[in-house]
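S.K.:
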DNA sequence: GCCAACGTTGGC
DNA sequence: GCCAACGTTGGC
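Numbering (the UniProt record's numbering), first residue to last: 1 to 153.
1. Taking 8 Å as the threshold (C-beta atoms), are residue 49 and residue 68 in contact?
2. Does the separation of the CB atoms of residue 56 and residue 9 fall below 8 Å?
3. How would you write the range of the alpha helix (DSSP H) that residue 34 sits in, first residue to last?
4. Out of 91, 109 and 42, state which residue places its alpha-carbon closest to the alpha-carbon of residue 4.
5. To test your reading of the DSSP string, which unbroken alpha helix (DSSP H) runs of 4 or more residues are found completely within the UniProt domain "EVE" (2-150)?
6. Can you give the Cα-Cα distance for residue 131 and residue 93, rounded to whole angstroms?
7. For residue 107 versus residue 62, is the C-beta spacing smaller than 8 Å?
8. Less than 8 Å between the beta carbons of residue 66 and residue 104, yes or no?
9. If you count every other CB in all the chains shown that lies within 10 Å of the CB of residue 34, and 16 or more means buried, which is it?
10. Could you tell me the alpha carbon to alpha carbon distance between residue 133 and residue 31, rounded to whole angstroms?
11. Given a cut-off of 8 Å, decide if residue 89 and residue 6 are closer than it, judged by their beta-carbon atoms.
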């Protein structure tokens, strides 16, 4: 099992959207960055994923979700009505991937970005680096445990 | 293959 | 809404 972190604007799809229907998988689609896509492709069923809320009032890690379906071609890339439509992609040669996730846990309090930045144990996490725009990133086991230990503290 | 221009991300 | 940082595009 591996650990990851994904960013999302909670207005679009946040931890509450997962919590609302805990057994209902939600497709994590619309990723249009190659580095992020490559990480998506590495995800396996059962992997745990921190859910990070960006561009909102309470910026930080809001909970945990879990991968229930490994990477498959992102359907939105073929949908002309979708904002994620990509004319250069085709079903024969799909360019973008999606995974399905389900709710696992919502933290009582969001762990603020500011606090994450204070932790030297997390210095290598791409999230806290200046100008980091990567929306899907790996988290090491020790980083994972460290962040979990910050919950409720 | 370089690099300027452009669009997007995302904290503040 | 500002703007720095970054990825992508496209002309050459």
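Quick reminder that beta carbons are idealized off the backbone N, C-alpha and C, glycines included.
M.R.: On the basis of the supplied data:
1. Numbered from 1 along the first chain, position 68 holds the residue referred to as residue 68. Numbered from 1 along the first chain, position 49 holds the residue referred to as residue 49. No.
2. For the purposes of this step, residue 56 is taken as residue 56 along the first chain, with counting starting at 1. For the purposes of this step, residue 9 is taken as residue 9 along the first chain, with counting starting at 1. Taking the C-beta atoms as reference points, residue 9 is found nearer than 8 Å to residue 56.
3. Stepping through the first chain from its first residue, residue 34 is reached at position 34. Note, residue 34: alpha helix (DSSP H), 34-42.
4. Translated into positions along the first chain, residue 4 becomes position 4. Looking at the Cα atoms, 42 is the closest of the given residues.
5. 10-13, 15-20, 34-42, 113-118 and 141-150
6. Translated into positions along the first chain, residue 131 becomes position 131. Translated into positions along the first chain, residue 93 becomes position 93. About 32 Å.
7. Taking the first chain and counting its residues from 1, one reaches residue 107 at position 107. Taking the first chain and counting its residues from 1, one reaches residue 62 at position 62. In this structure, residue 62 lies closer than 8 Å to residue 107 by Cβ.
8. The residue you call residue 66 lines up with position 66 of the first chain. The residue you call residue 104 lines up with position 104 of the first chain. Yes, they are a contact pair.
9. One-based indexing of the first chain puts residue 34 at position 34. Looking at its Cβ environment, which holds fewer than 16 other Cβ atoms inside 10 Å, residue 34 is exposed.
10. Taking the first chain and counting its residues from 1, the one referred to as residue 133 is at position 133. Taking the first chain and counting its residues from 1, the one referred to as residue 31 is at position 31. The alpha-carbon atoms of residue 133 and residue 31 are separated by roughly 12 Å.
11. Position 6 of the first chain, counted from the start, is the residue given in the question as residue 6. Position 89 of the first chain, counted from the start, is the residue given in the question as residue 89. Not in contact: residue 6 and residue 89 (Cβ atoms no closer than 8 Å).
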